[in-house]
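Peer 1: Everything in the sequence shown is counted per the working numbering, starting at 287 for the first residue and increasing by one.
Beta carbons are placed, not taken as given, at the ideal position from N, Cα and C, and that holds for glycine.
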Amino acid sequence: MLTDMQIVIMGGDARQLEIIRKFTELDAKLYLAGFEQLEQPFSGAVKEKLHDLNFSHIDAIILPVPGTSLEGEVETIFSSEKIILTEKILQQTPSHCTVYSGISNKYLDNIIKKSNRKLVNLFERDDVAIYNSIPTVEGTIMMAIQNTDITIHQSSIAVLGLGRVGMTVARIFSLLGAKVKVGARKSEHIARITEMGLQPFYLNDLRNEVKDIDICINTVPYPIVDAAVIAQMPSHTLIIDLASKPGGTDFRYAEKRGIKALLAPGLPGIVAPKTAGQILANVLSQLLEEELENRKGKEKR
Ligand code: NAP
Numbered sequence: 287m288l289t290d291m292q293i294v295i296m297g298g299d300a301r302q303l304e305i306i307r308k309f310t311e312l313d314a315k316l317y318l319a320g321f322e323q324l325e326q327p328f329s330g331a332v333k334e335k336l337h338d339l340n341f342s343h344i345d346a347i348i349l350p351v352p353g354t355s356l357e358g359e360v361e362t363i364f365s366s367e368k369i370i371l372t373e374k375i376l377q378q379t380p381s382h383c384t385v386y387s388g389i390s391n392k393y394l395d396n397i398i399k400k401s402n403r404k405l406v407n408l409f410e411r412d413d414v415a416i417y418n419s420i421p422t423v424e425g426t427i428m429m430a431i432q433n434t435d436i437t438i439h440q441s442s443i444a445v446l447g448l449g450r451v452g453m454t455v456a457r458i459f460s461l462l463g464a465k466v467k468v469g470a471r472k473s474e475h476i477a478r479i480t481e482m483g484l485q486p487f488y489l490n491d492l493r494n495e496v497k498d499i500d501i502c503i504n505t506v507p508y509p510i511v512d513a514a515v516i517a518q519m520p521s522h523t524l525i526i527d528l529a530s531k532p533g534g535t536d537f538r539y540a541e542k543r544g545i546k547a548l549l550a551p552g553l554p555g556i557v558a559p560k561t562a563g564q565i566l567a568n569v570l571s572q573l574l575e576e577e578l579e580n581r582k583g584k585e586k587r
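(1) With H, G and I counted as helix, E and B as strand and the rest as coil, what does DSSP make of Met296?
(2) For the ligand NAP, is there any heavy atom lying closer than 7 Å to the beta carbon of Thr422?
(3) Going straight from the alpha carbon of Phe309 to that of Gly555, what length do you get?
(4) Under 7 Å: does the beta carbon of Pro352 sit that close to some heavy atom of the ligand NAP?
(5) Using the C-alpha atoms, what's the distance from Gly544 back to Asn568?
(6) Identify the continuous beta strand (DSSP E) that holds Tyr539 and give its terminal residues.
(7) Tell me which residue opens and which closes the alpha helix (DSSP H) that Gly425 is part of.
(8) Pull up the distance between the alpha-carbon of Ser381 and that of Phe341, whole angstroms please.
(9) Any heavy atom of the ligand NAP within a distance shorter than 7 Å of the CB on Thr505?
(10) Using alpha carbons as the reference points, say which of Ile510, Ser473, Lys467 lies closest to Glu495.
(11) What does the alpha-carbon distance come out to for the pair Thr384 and Glu325?
(12) Candidates Tyr488, Lys546, Gln292, His343: which alpha carbon is nearest Ile516's?
(13) Based on Cα-Cα distance, which residue from Met287, Met296, Leu524, Lys333 lies nearest to Ala430?
(14) Let me check one thing: in DSSP terms, what residues is Ile347 bridge-paired to?
(15) When every heavy atom of the ligand NAP is checked, does at least one fall within less than 7 Å of the C-beta of Arg301?
(16) At a cut-off of 7 Å, would you count Tyr508 as near the ligand NAP, judging by its Cβ distance to the nearest heavy atom?
(17) For Gly425, is the classification buried or exposed, using 16 other Cβ atoms within 10 angstroms of its Cβ as the cut-off for buried?
(18) Pull up the CB-CB distance for Tyr386 and Leu408, whole angstroms please, since I reckon it's below 8 Å.
(19) Evaluate Gly452 with the Cβ neighbour count: other Cβ atoms within 10 Å of its Cβ, from every protein chain shown; 16 or more gives buried, anything less gives exposed.
(20) DSSP on Asn580, reduced to helix/strand/coil?
(21) Is Pro532 near the ligand NAP, judged by its Cβ being under 7 Å from some heavy atom?
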């Protein structure tokens, strides 16, 4: 339970509603900043304007998945209020106050450091990344169906990268009957791809490996699908780039060659916001419960 915890939910999208639902069930005291257009009532959650909030008793601040912009702005789809997280706000919080975000950037890292608070980037956690790979793959399947005129079954697919997303993508497309080859740079990944019953190749041989593919799914956040690689692909190849912006594809060259290349960020929030929100809500409530236990333990000593 999160009884006695005081938490600010600052901005966000539909995923935040699952977090609010879970936290209210766990009896936390919630303040919602940037939610005045939200009609759904949540008992135990109070909507507040950011400048009316008293941060001196706040135990945790929950930011949306993208965190803040480089100017500190926090996106919210439920308000027209401009929400900016500043160093001054953090300094008003108790020293144990922790900020939770999906990812971070220079601005957020900087104000956290200056105010000497703790930041948890949820997307750096393996558990969140692995759970999130499930809706990511479902979104990738949707894109493959919408943008090709062939079945996934029996199509030739190259998956680039065997990280948390790449492994799920490779496995699920293979289960759908595609002929899947997977590119990696580490010999242990080559071994794992072989163990999975898929065809492995080293990424430095990528140019030769794309000559017969229908779909290329990139998960490597590095420019590996370059002009020299794209030049070798059949003209009907579809590139789905899942890597975080700007992706790993030379989109300019793909367009010039007439190859359809799609950057597909944020698929979990698009295809399954409820599940994506539940993934975050479950991990967050576990982390906050641990935090509360630790603090109570220290107070007793
Ligand atoms: P990950 O577990 O870190 O996997 C990244 C993979 O890329 C690893 O196989 C890594 O290989 C490889 N890699 C990294 N740099 C490389 C380089 N310079 N050359 C060759 N290989 C390289 O990350 P993930 O969780 O799978 O996520 C992959 C990407 O998808 C990230 O950019 C993430 O932000 C994004 N993502 C997108 C969505 C979406 O909706 N589109 C959803 C979730 C995640 P090594 O082990 O050899 O380094």
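Peer 2: Looking at the atomic coordinates:
(1) The sequence position of residue 296 within the sequence shown is 10, counting from 1. If DSSP states are grouped into helix, strand and coil, Met296 belongs with the strands.
(2) The residue given as residue 422 occupies position 136 in the sequence shown. Thr422 Cβ: within cutoff of the ligand NAP.
(3) Start at 1 with the first residue of the sequence shown, and residue 309 comes out as number 23. Start at 1 with the first residue of the sequence shown, and residue 555 comes out as number 269. In a straight line, the C-alpha of Phe309 is about 20 Å away from that of Gly555.
(4) Counting from one through the sequence shown, the residue named residue 352 turns up at place 66. Outside the cutoff, so no.
(5) As a first step, residue 568 is located in the sequence shown; it is residue number 282 there, counting from the start. As a first step, residue 544 is located in the sequence shown; it is residue number 258 there, counting from the start. If you take the alpha carbons of Asn568 and Gly544, they lie about 43 Å apart.
(6) Looking up residue 539 in the sequence shown gives position 253. It is not in any beta strand (DSSP E) - Tyr539 instead sits in the alpha helix (DSSP H) that spans 537-543.
(7) As a working mapping, residue 425 is identified with position 139 in the sequence shown. Per DSSP, the continuous alpha helix (DSSP H) segment holding Gly425 begins and ends at 412-432.
(8) Translated into positions along the sequence shown, residue 381 becomes position 95. Translated into positions along the sequence shown, residue 341 becomes position 55. When only Cα atoms are considered, Ser381 and Phe341 end up about 11 Å apart.
(9) One-based indexing of the sequence shown puts residue 505 at position 219. Result yes, Cβ under 7 Å from the ligand NAP.
(10) Numbered from its first residue, the sequence shown carries residue 495 at position 209. Closest option to Glu495, Cα to Cα, is Lys467.
(11) If you number the sequence shown from 1, residue 384 lands on position 98. If you number the sequence shown from 1, residue 325 lands on position 39. Each residue's alpha carbon lies about 28 Å from the other.
(12) Position 230 of the sequence shown, counted from the start, is the residue given in the question as residue 516. Here the closest residue by C-alpha is Lys546.
(13) In the sequence shown, the residue the question calls residue 430 occupies position 144. Among Met287, Met296, Leu524, Lys333, the Cα nearest to that of Ala430 belongs to Leu524.
(14) For the purposes of this step, residue 347 is identified with residue 61 of the sequence shown, where counting begins at 1. Answer is Val294, Val385.
(15) In the sequence shown, counting from the first residue as 1, residue 301 sits at position 15. No, the ligand NAP has no heavy atom inside 7 Å of this Cβ.
(16) Walking along the sequence shown from the start, residue 508 turns up at place 222. At least one heavy atom of the ligand NAP is nearer than 7 Å to the Cβ of Tyr508, so yes.
(17) The residue labelled residue 425 in the question sits at position 139 within the sequence shown. That one is buried.
(18) Within the sequence shown, residue 386 is the residue found at index 100, counting from 1. Within the sequence shown, residue 408 is the residue found at index 122, counting from 1. The Cβ separation is near 6 Å, so the contact holds.
(19) One-based indexing of the sequence shown puts residue 452 at position 166. Buried, by the Cβ-count rule.
(20) Here residue 580 is taken as the residue at index 294 of the sequence shown, counted from 1. The answer is helix: DSSP assigns Asn580 an H, G or I state.
(21) Counted from its first residue, the sequence shown places residue 532 at position 246. No; taking the cut-off as 7 Å, the Cβ of Pro532 has no heavy atom of the ligand NAP nearer than that.
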